[in-house]
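What follows is a set of notes on a single structure, which appears directly below.
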Amino acid sequence: MGKTLFEKIWESHIVIGKQNGPSLIYIDRHLIHEVTSPQAFDGLRMNKRKVRRPNLTIATMDHNVPTNDRSLPILDQTSAVQIQTLEKNCKDFGIKLFDINSPNQGIVHVIGPELGITLPGTTIVCGDSHTSTHGAFGALALGIGTSEVEHVLTSQTLWLEKPKSFEIRVEGKRKNPHAVTAKDIVLSIIKNIGTGGGTGTVVEYRGQGITDLSMEQRMTICNMSIESGARAGLIEPDETTFDYLRGRQYTPKNYESLVDYWKEYLKTDSDAKFEKQFTLNINDIAPQVSWGTNPGMTCDVTESIPSPDEFSKGDPNQKKGAEKALEYMDLEPGTPIMDIKIDRVFIGSCTNARLEDLIEASKVIKEQKISPNVRAMVVPGSQMVKKQAEELGLDKIFINANFEWRESGCSMCLGMNPDILSPGERCASTSNRNFEGRQGTGGRTHLVSPVMAAAAAIKGHFVDVRELGLS
Amino acid sequence: MEPFKKVKSIITPLDKVNVDTDQIVPKQFLKLVKKTGFGKFLFYNWRYDEKEKIKSDFVLNDSKYDNSNILVTGDNFGCGSSREHAVWALLDYGFSVIIAPSFADIFFSNCLKNGILPISLDPKIVEKLQQQELDKIEVDLETQIIKTCSEEISFEIDPYKKKILLEGLDDITQTLQFEDKISEFERKSKVPSVL
Numbered sequence: 001m002g003k004t005l006f007e008k009i010w011e012s013h014i015v016i017g018k019q020n021g022p023s024l025i026y027i028d029r030h031l032i033h034e035v036t037s038p039q040a041f042d043g044l045r046m047n048k049r050k051v052r053r054p055n056l057t058i059a060t061m062d063h064n065v066p067t068n069d070r071s072l073p074i075l076d077q078t079s080a081v082q083i084q085t086l087e088k089n090c091k092d093f094g095i096k097l098f099d100i101n102s103p104n105q106g107i108v109h110v111i112g113p114e115l116g117i118t119l120p121g122t123t124i125v126c127g128d129s130h131t132s133t134h135g136a137f138g139a140l141a142l143g144i145g146t147s148e149v150e151h152v153l154t155s156q157t158l159w160l161e162k163p164k165s166f167e168i169r170v171e172g173k174r175k176n177p178h179a180v181t182a183k184d185i186v187l188s189i190i191k192n193i194g195t196g197g198g199t200g201t202v203v204e205y206r207g208q209g210i211t212d213l214s215m216e217q218r219m220t221i222c223n224m225s226i227e228s229g230a231r232a233g234l235i236e237p238d239e240t241t242f243d244y245l246r247g248r249q250y251t252p253k254n255y256e257s258l259v260d261y262w263k264e265y266l267k268t269d270s271d272a273k274f275e276k277q278f279t280l281n282i283n284d285i286a287p288q289v290s291w292g293t294n295p296g297m298t299c300d301v302t303e304s305i306p307s308p309d310e311f312s313k314g315d316p317n318q319k320k321g322a323e324k325a326l327e328y329m330d331l332e333p334g335t336p337i338m339d340i341k342i343d344r345v346f347i348g349s350c351t352n353a354r355l356e357d358l359i360e361a362s363k364v365i366k367e368q369k370i371s372p373n374v375r376a377m378v379v380p381g382s383q384m385v386k387k388q389a390e391e392l393g394l395d396k397i398f399i400n401a402n403f404e405w406r407e408s409g410c411s412m413c414l415g416m417n418p419d420i421l422s423p424g425e426r427c428a429s430t431s432n433r434n435f436e437g438r439q440g441t442g443g444r445t446h447l448v449s450p451v452m453a454a455a456a457a458i459k460g461h462f463v464d465v466r467e468l469g470l471s
Numbered sequence: 472m473e474p475f476k477k478v479k480s481i482i483t484p485l486d487k488v489n490v491d492t493d494q495i496v497p498k499q500f501l502k503l504v505k506k507t508g509f510g511k512f513l514f515y516n517w518r519y520d521e522k523e524k525i526k527s528d529f530v531l532n533d534s535k536y537d538n539s540n541i542l543v544t545g546d547n548f549g550c551g552s553s554r555e556h557a558v559w560a561l562l563d564y565g566f567s568v569i570i571a572p573s574f575a576d577i578f579f580s581n582c583l584k585n586g587i588l589p590i591s592l593d594p595k596i597v598e599k600l601q602q603q604e605l606d607k608i609e610v611d612l613e614t615q616i617i618k619t620c621s622e623e624i625s626f627e628i629d630p631y632k633k634k635i636l637l638e639g640l641d642d643i644t645q646t647l648q649f650e651d652k653i654s655e656f657e658r659k660s661k662v663p664s665v666l
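Going down the list, the sequences are from chains E and P.
Sequential numbering from 1 applies to the first sequence in our numbering.
Sequential numbering from 472 applies to the second sequence in our numbering.
This is the structure we're talking about:
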């Protein structure tokens, strides 16, 4: 029987294989950031251990960094300590760090691909659940905890139980791909399979709806794999993948010979069997807006807030969850999504802060200003994205519309830096999680695509971007 | 890591599904660079209101559960962020067993690395356990049996994970015994270094 892409990557990284129980898997790339690494380095020091492969380890600071003027000192002392701790750890253990002033600084999942560090067929880990992003390149990319970060630093391996394989086919063609985006595809998937639908699996996204996407759009899809509970999400690499990586700063010297090998080897065999399967047809899908407190609580922009009964389909626990969510979100069943007024807009995060996201969002503006009731910010995913956007004049488009144009970082996706919602504020956000308090205690998050967020900023409420004639 | 011992305690019922790690320990407490002292931040936004006053209707604020070591909760517990701080908070607060119909993968793995036993059981049994008012239950990892006042419930765990927990083994020490295999793999690997 043939093998899936995931099985091929898995098998080619087994150091010690076991039929039952976990296998020891070799890790090709380890990305680290300031929040989930300090305790791991402490562990190394306590046990007098070294970093086994500093040349496979790359660090940056993204979660805590302020996104205002980089020449100013960091006011939050605990954030400053965490950032200084990463600097010291990288220095002590010989790890390459893209620090706060580096032109390569950015969200770890944005810089890995744009620097050519992320490669097809590799195993990639990071102490961050959105590591699944790198799966867009046909890599097996896993989010891990801090104990596992320490394990990888010391041994360059991890004990992993082999996840099941899950095929998600995305079939059909969107009528207007500028209005209905990769974000809407992945939110539709999660809405259908649920936030636990992918647990214990590695998802492979397949079908024309996926191969049609650019690399940046594929990253949006794989990024949110974790929101369905999946261990990882990946996409078979093709010419789009190979073209993207060609000539980047850290792309290997023998790149073309690697491409030849990847083309031959990195594909799911036609007779391979997946253990789980789901198909989404995207011919008629609408822009998505989340209404609740997990990404599965999502509906079409043209719909109204569902009642807990409608949402739960008879499951009493889901019903209770929906009731709690509506209470937290201060929403009534039956309210049209387009009637929901917003206070804040956040365009950013490892899900949607790449150049293409900013280009698409800027097209919505058309010399309009944002609603006087809305405060909106754009936080590019990396310094490189910011620079490229400024070369295209996007900063001016956003600033003229009264958006704030910021420095790169995770920012208001999780609000570890000063960018947070105030209690009760409602935000249209291009990030990945609408959990209670995620963007600030008492804050209310609606997950949307970059074009939906930009349009909501202008109108002050959600609108159906298919009506805007985007091209 | 401390070896896992038999636990006998009343349960704390947390009747919620999809509890994410942002709820278990909110982001404002992730800036600390140590593993200790996270218990006071556990479920912070559910325990305290915006003025940091205790919310009396949240289960952890009910003093009858103060000495409980067993959390019994809903489906997909620990979803979302990979933050191990969530597990450090549960452990520091005093929980050493978590029972739920299902767990998120990264959270499950983080529990085992810190000596917390996560047990998945049929939703109906979990529901029954949640109603176990103030009678102590006993969780024995050795025999894989949960004893309540009225019945014995068996649970599954992978033998390797069981050994790690029971003996309190350090994962890394185990792995480093395979140094020769790791080096051999590296000699054959075709993947180029980053730098």
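Idealized CB from N, CA, C, for every residue including glycine.
Remember, predicted model here, so these are calculated numbers, not experimental data.
Quiz item: By how many angstroms is the C-alpha of residue 11 of chain E removed from the C-alpha of residue 1 of chain E?
Solution: 15 Å
Quiz prompt | chain E within 8 Å of residue 493 of chain P, Cβ atoms only | solution = yes
Exercise. Would you mind listing the beta strand (DSSP E) stretches within the stretch 181-242 of chain E that are 3+ residues and don't spill past its ends, in chain order?
Key: Correct list: 201-206, 232-234.
Self-check item: Inter-residue spacing [alpha-carbon to alpha-carbon] between residue 252 of chain E and residue 304 of chain E
Solution: 50 Å
Exercise. Please confirm whether residue 364 of chain E and residue 301 of chain E have their CB atoms less than 8 Å apart.
Key: no
Quiz item: Alpha carbon to alpha carbon, how far is residue 541 of chain P from residue 596 of chain P?
Solution: 15 Å
Quiz item: Can you give the Cα-Cα distance for residue 206 of chain E and residue 654 of chain P, rounded to whole angstroms?
Solution: 35 Å
Practice problem: Output, in sequence order along the chain, the residues in the stretch 544-555 of chain P whose CB is closer than 9 Å to any CB in chain E. | Solution: 545, 546, 547, 550, 551, 552, 553, 554, 555
Quiz item: Of the residues that make up the stretch 425-457 of chain E, which ones have a beta carbon closer than 7 Å to any beta carbon in chain P?
Solution: Here the close residues are 433, 435, 436, 437, 438, 441, 442.
Exercise. Note down, in chain order, all residues in the stretch 651-663 of chain P with a beta-carbon under 9 Å from any beta-carbon belonging to chain E.
Key: 652, 653, 655, 656, 657, 660, 661, 662, 663
Quiz item: Which residues share a DSSP beta bridge with residue 511 of chain P?
Solution: Per DSSP, none; premise fails for residue 511 of chain P.
Quiz item: Does the stretch 181-199 of chain E come within contact of the stretch 95-110 of chain E, defined as at least 3 CB pairs closer than 8 Å?
Solution: no
Self-check item: Nearest-angstrom Cα separation, counted from residue 619 of chain P out to residue 113 of chain E
Solution: 52 Å
Quiz item: So is residue 522 of chain P in contact with chain E if we call contact Cβ pairs under 8 Å?
Solution: no
Quiz prompt | Straight-line gap, residue 434 of chain E to residue 295 of chain E (C-alpha atoms, nearest Å) | solution = 6 Å
Self-check item: Among E:44, E:218, E:371, the one whose alpha carbon lies nearest that of residue 344 of chain E
Solution: E:371
Exercise. Assign residue 153 of chain E to one of two classes, buried (16 or more other C-beta atoms within 10 Å of its C-beta) or exposed (fewer than that).
Key: buried
Quiz item: Going along chain E in order, which residues have a C-beta closer than 9 Å to the C-beta of residue 630 of chain P?
Solution: Residues of chain E passing the Cβ test: 20, 21.
Quiz item: Beta-carbon of residue 60 of chain E versus every beta-carbon of chain P: anything under 8 Å?
Solution: No, residue 60 of chain E does not count as interfacial toward chain P.
Quiz item: Between the stretch 136-155 of chain E and the stretch 220-240 of chain E, do at least 3 Cβ pairs fall closer than 8 Å?
Solution: Under the 8 Å Cβ criterion, the stretch 136-155 of chain E counts as touching the stretch 220-240 of chain E, having at least three qualifying pairs.
Quiz item: Can you tell me the Cα-Cα spacing of residue 221 of chain E and residue 353 of chain E, whole angstroms?
Solution: So the two alpha carbons sit approximately 13 Å from each other.
Self-check item: Whole-angstrom distance between residue 159 of chain E and residue 22 of chain E, CA atom to CA atom
Solution: 5 Å
Exercise. Spell out the partners DSSP gives residue 159 of chain E in its beta bridges.
Key: When DSSP reads this structure, residue 159 of chain E sits in a beta bridge with E:24.
Exercise. Note down the Cα distance separating residue 40 of chain E from residue 616 of chain P, rounded to an integer number of angstroms.
Key: It is roughly 34 Å from the alpha-carbon of residue 40 of chain E to the alpha-carbon of residue 616 of chain P.
Quiz prompt | Beta-carbon spacing of residue 573 of chain P, residue 552 of chain P below 8 Å | solution = no
Quiz item: Applying a beta-carbon distance threshold of less than 7 Å, which residues of chain P neighbour residue 155 of chain E?
Solution: 643, 646, 647, 653
Quiz item: Does the stretch 520-528 of chain P come close enough to the stretch 473-491 of chain P to have 3 or more Cβ pairs within less than 8 Å?
Solution: The answer is no - the stretch 473-491 of chain P does not touch the stretch 520-528 of chain P, with fewer than three Cβ pairs under 8 Å.
Quiz item: Closest Cβ-Cβ distance between residue 26 of chain E and chain P: below 8 Å?
Solution: yes
Quiz item: Using DSSP with H/G/I as helix, E/B as strand and the rest coil, what is residue 583 of chain P?
Solution: If DSSP states are grouped into helix, strand and coil, residue 583 of chain P belongs with the helices.
Quiz prompt | 3-residue-minimum beta strand (DSSP E) runs that sit fully inside the stretch 318-353 of chain E, ordered along the chain | solution = 344-347
Quiz item: Is the Cβ-Cβ distance between residue 128 of chain E and residue 108 of chain E less than 8 Å?
Solution: yes
Quiz item: Got a sec? Which residues, its chain only, sit under 7 Å from residue 283 of chain E by beta carbon, not counting five neighbours each side?
Solution: 172, 173
Quiz item: Between the Cα of residue 613 of chain P and the Cα atoms of P:645, P:627, P:498, P:558, which residue gives the shortest distance?
Solution: P:627
Exercise. Give the secondary structure of residue 135 of chain E by DSSP, where H, G and I count as helix, E and B as strand, and everything else as coil.
Key: helix
Exercise. Please go through the stretch 612-654 of chain P and give each complete alpha helix (DSSP H) segment of 4 or more residues, from N-terminal end onward.
Key: Annotation: the stretch 612-654 of chain P contains the following complete segments of the alpha helix (DSSP H) (minimum length 4 residues), in chain order: 630-638, 642-647.
Self-check item: Per-residue burial, residue 554 of chain P [other beta carbons within 10 Å of its own, 16 or more giving buried]
Solution: buried
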